[in-house]
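>
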Amino acid sequence: MVTRNTSSASLLEKDLGIVGDISFQNNLYIHGRVNGNIVAPTDSRATLYIQEDSEVIGEIRSPVVIIAGKTSGDIIASRHLSLKSTAQVTGNIHYIEMQIDEGAEVNGSLTCINGKQH
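The numbering of the sequence shown is my numbering, which starts it at 323 and goes up by one.
(1) Quick test of your reading: ILE415 and ALA390, contact by CB under 8 Å. State the CB separation rounded to the nearest angstrom.
(2) Measure from the alpha carbon of THR412 to the alpha carbon of each residue in LEU403, GLN421, ALA331, SER431, then state which is nearest.
(3) Output needed for PHE346: all residues of its chain with C-beta closer than 7 Å, excluding positions within five of it in sequence on either side, in chain order.
(4) Pick out whichever of HIS402, GLU419, TYR417, ASP375 has its Cα sitting closest to the Cα of ALA409.
(5) Just reading off the beta strand (DSSP E) that LEU403 is part of, what are its end residues?
What follows is the structure, encoded as C-alpha coordinates:
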(Lines of atoms letter the chains of each structure in order from A; the text may use other names.)
(Lines give C-alpha, C1' and ligand atoms only; values in the text may rest on other atoms or scores of the structure.)
Protein backbone atom coordinates (compact mmCIF):
# COMPACT_ATOMS: atom_id res chain seq x y z
CA MET A 323 0.00 0.00 0.00
CA VAL A 324 1.27 3.47 -0.90
CA THR A 325 0.52 6.39 1.40
CA ARG A 326 0.61 10.00 0.31
CA ASN A 327 1.59 13.05 2.25
CA THR A 328 -1.60 15.08 1.80
CA SER A 329 -0.05 18.18 3.33
CA SER A 330 2.79 18.48 0.81
CA ALA A 331 3.21 21.64 -1.20
CA SER A 332 5.07 22.71 -4.33
CA LEU A 333 6.58 26.13 -4.80
CA LEU A 334 7.38 28.04 -7.98
CA GLU A 335 9.93 30.67 -6.92
CA LYS A 336 9.92 34.36 -7.92
CA ASP A 337 12.84 34.07 -10.34
CA LEU A 338 11.36 31.09 -12.19
CA GLY A 339 9.09 31.17 -15.23
CA ILE A 340 7.36 28.19 -16.80
CA VAL A 341 6.04 27.85 -20.34
CA GLY A 342 3.72 24.85 -20.43
CA ASP A 343 0.88 23.25 -18.50
CA ILE A 344 1.10 22.31 -14.82
CA SER A 345 -0.93 19.63 -13.07
CA PHE A 346 -0.88 19.17 -9.29
CA GLN A 347 -2.71 17.32 -6.52
CA ASN A 348 -2.04 19.11 -3.21
CA ASN A 349 -0.93 22.72 -2.63
CA LEU A 350 0.85 24.80 -5.26
CA TYR A 351 2.33 28.24 -4.54
CA ILE A 352 3.12 30.40 -7.57
CA HIS A 353 5.59 33.23 -6.92
CA GLY A 354 6.88 33.48 -10.50
CA ARG A 355 5.36 33.51 -13.97
CA VAL A 356 3.44 30.72 -15.72
CA ASN A 357 2.42 30.79 -19.37
CA GLY A 358 0.19 27.71 -19.57
CA ASN A 359 -2.79 26.03 -17.95
CA ILE A 360 -2.77 24.99 -14.28
CA VAL A 361 -5.01 22.04 -13.44
CA ALA A 362 -5.84 19.99 -10.34
CA PRO A 363 -8.44 17.20 -10.10
CA THR A 364 -11.84 18.53 -9.02
CA ASP A 365 -12.20 15.73 -6.46
CA SER A 366 -8.83 16.51 -4.80
CA ARG A 367 -7.99 18.72 -1.82
CA ALA A 368 -5.78 20.88 -4.04
CA THR A 369 -5.29 24.57 -3.37
CA LEU A 370 -3.59 26.97 -5.78
CA TYR A 371 -1.99 30.12 -4.33
CA ILE A 372 -1.07 32.82 -6.84
CA GLN A 373 1.06 35.22 -4.84
CA GLU A 374 1.34 38.99 -5.17
CA ASP A 375 3.75 40.04 -7.98
CA SER A 376 3.18 36.73 -9.81
CA GLU A 377 1.43 36.17 -13.12
CA VAL A 378 -0.43 33.30 -14.77
CA ILE A 379 -1.47 33.39 -18.43
CA GLY A 380 -3.73 30.40 -19.08
CA GLU A 381 -6.74 28.56 -17.77
CA ILE A 382 -6.88 27.68 -14.07
CA ARG A 383 -8.86 24.68 -12.74
CA SER A 384 -8.60 23.82 -9.06
CA PRO A 385 -10.99 23.09 -6.17
CA VAL A 386 -9.59 26.06 -4.21
CA VAL A 387 -7.94 29.11 -5.82
CA ILE A 388 -6.48 32.04 -3.87
CA ILE A 389 -5.24 34.94 -6.01
CA ALA A 390 -3.16 37.93 -4.92
CA GLY A 391 -1.34 38.35 -8.26
CA LYS A 392 -2.31 38.74 -11.89
CA THR A 393 -4.12 36.19 -14.07
CA SER A 394 -5.24 36.18 -17.67
CA GLY A 395 -7.52 33.30 -18.64
CA ASP A 396 -10.64 31.57 -17.38
CA ILE A 397 -10.79 30.29 -13.80
CA ILE A 398 -12.84 27.31 -12.64
CA ALA A 399 -12.85 26.94 -8.84
CA SER A 400 -14.91 23.85 -8.04
CA ARG A 401 -15.03 24.63 -4.32
CA HIS A 402 -13.82 28.13 -3.32
CA LEU A 403 -12.23 31.20 -4.93
CA SER A 404 -10.64 34.03 -2.96
CA LEU A 405 -9.47 37.25 -4.63
CA LYS A 406 -7.17 39.32 -2.42
CA SER A 407 -7.03 43.12 -2.65
CA THR A 408 -4.02 42.99 -5.03
CA ALA A 409 -5.62 40.49 -7.44
CA GLN A 410 -5.98 41.44 -11.12
CA VAL A 411 -8.09 38.91 -13.03
CA THR A 412 -8.83 39.06 -16.75
CA GLY A 413 -11.10 36.21 -17.81
CA ASN A 414 -14.34 34.48 -16.95
CA ILE A 415 -14.72 33.03 -13.46
CA HIS A 416 -16.77 29.92 -12.63
CA TYR A 417 -17.18 29.24 -8.92
CA ILE A 418 -19.30 27.68 -6.18
CA GLU A 419 -18.22 29.99 -3.35
CA MET A 420 -16.29 33.25 -3.78
CA GLN A 421 -14.75 35.95 -1.61
CA ILE A 422 -13.53 39.22 -3.14
CA ASP A 423 -11.51 41.68 -1.05
CA GLU A 424 -11.89 45.40 -1.63
CA GLY A 425 -9.45 46.54 -4.33
CA ALA A 426 -9.45 43.29 -6.33
CA GLU A 427 -10.01 43.78 -10.08
CA VAL A 428 -12.09 41.45 -12.26
CA ASN A 429 -12.49 41.93 -16.01
CA GLY A 430 -14.77 39.12 -17.13
CA SER A 431 -18.02 37.39 -16.24
CA LEU A 432 -18.84 35.68 -12.95
CA THR A 433 -20.83 32.45 -13.20
CA CYS A 434 -21.91 30.36 -10.24
CA ILE A 435 -21.31 26.72 -11.16
CA ASN A 436 -24.84 25.84 -10.04
CA GLY A 437 -26.06 27.88 -13.02
CA LYS A 438 -26.86 31.28 -11.50
CA GLN A 439 -25.39 34.27 -13.33
CA HIS A 440 -23.94 37.08 -11.15
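Cβ atoms here follow ideal geometry from the backbone N, Cα and C, with glycine treated the same way.
The structure says:
(1) On the sequence shown, position 93 is the one that residue 415 refers to. On the sequence shown, position 68 is the one that residue 390 refers to. The Cβ separation is near 15 Å, so there is no contact.
(2) Along the sequence shown, one-based indexing puts residue 412 at 90. For the residues LEU403, GLN421, ALA331, SER431, the minimum Cα distance to THR412 belongs to SER431.
(3) Reading the sequence shown from its first residue, position 24 is the one you call residue 346. Only SER332, ALA362, ALA368 meet the Cβ criterion.
(4) Locating residue 409 in the sequence shown gives position 87, where the first residue counts as 1. With distances taken between Cα atoms, ALA409 lies closest to ASP375.
(5) Locating residue 403 in the sequence shown gives position 81, counting from the first residue. Element bounds for LEU403: 397–405.
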